[in-house]
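In the numbering used here, the protein residues as written are 25 to 171.
In C-alpha cells form, the structure reads like this:
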C-alpha cells in the first residue's frame with residue numbers, strides 16, 4: 025500500500041504501516057484543513073490496524089494555537105481509529121525546534137502515542153524500525169527526495 029498526498033505545505037507518504045510527514049513553513053487555516061482532509065482520506069484508504077510515523081518538522085514555523093489545534097485534532101483521529109503508538113519527530117538541534125517538538129507531544133499527552141525527538145532522520149527511522157516496522161520504502165523515498 026502506498027498513499028501519496030502533497031501540496032506546498034505538506035508531503036505525506038504512507039508505505040505499508042509507516043507514515044512519513046514533512047511540514048514546510050508556517051501553516052494557515054487552509055493548510056491545516058488540507059492536512060485534516062488528507063488524514064480523512066488516508067483513513068479511508070488505510071488497510072492496516074497499526075501505524076508508526078516519522079514527522080519532519082525541521083522546516084516548520086510555529087503557527088497560531090488555533091491552527092495547531094486543527095492539526096492535532098487530525099492526528100488524534102489516527103490515535104483513536106488505529107493502533108498509532110510510535111511517532112519519531114525530526115527537528116534541527118536548536119532550542120526553538122526542540123520546544124516545537126515537545127509542544128507537539130504535549131498536545132497529544134492524553135493518547136497512547138509515544139513521541140521521541142531526533143535531530144537526524146536516520147536515527148528517527150532506526151527507532152521506528154526497532155519497534156518492528158518496515159521502513160525500507162520510506163528510506164528509498166527519502167533518498168530520492170533528498171537527491
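Ideal Cβ placement from N, Cα and C applies to all residues, glycine included.
Nothing here was measured: the structure is a model prediction, and the numbers come from that model.
Buried or exposed by the 16-neighbour rule on C-beta atoms within 10 Å, applied to residue i
i, result
"residue 187", "Nothing about residue 187 can be reported from this structure: the residues present for the chain run from 25 to 171 only."
"residue 73", "exposed"
"residue 39", "buried"
"residue 93", "exposed"
"residue 37", "buried"
Sub-9 Å separation of residue i and residue j beta-carbons
i, j, result
"residue 32", "residue 59", "no"
"residue 26", "residue 35", "no"
"residue 75", "residue 115", "no"
Residue from the options with nearest C-alpha to residue i
i, options, result
"residue 61", "144, 163, 98, 147", "98"
"residue 113", "100, 84, 104, 28", "84"
"residue 102", "117, 91, 65", "65"
DSSP three-state assignment for residue i, whether helix, strand or coil
i, result
"residue 32", "coil"
"residue 71", "coil"
"residue 88", "coil"
"residue 166", "helix"
"residue 154", "helix"
"residue 137", "coil"
"residue 144", "coil"
"residue 82", "strand"
Problem set entry | Segment contact flag, the segment 147–161 with the segment 75–82, C-beta cutoff 8 Å, min 3 pairs | yes
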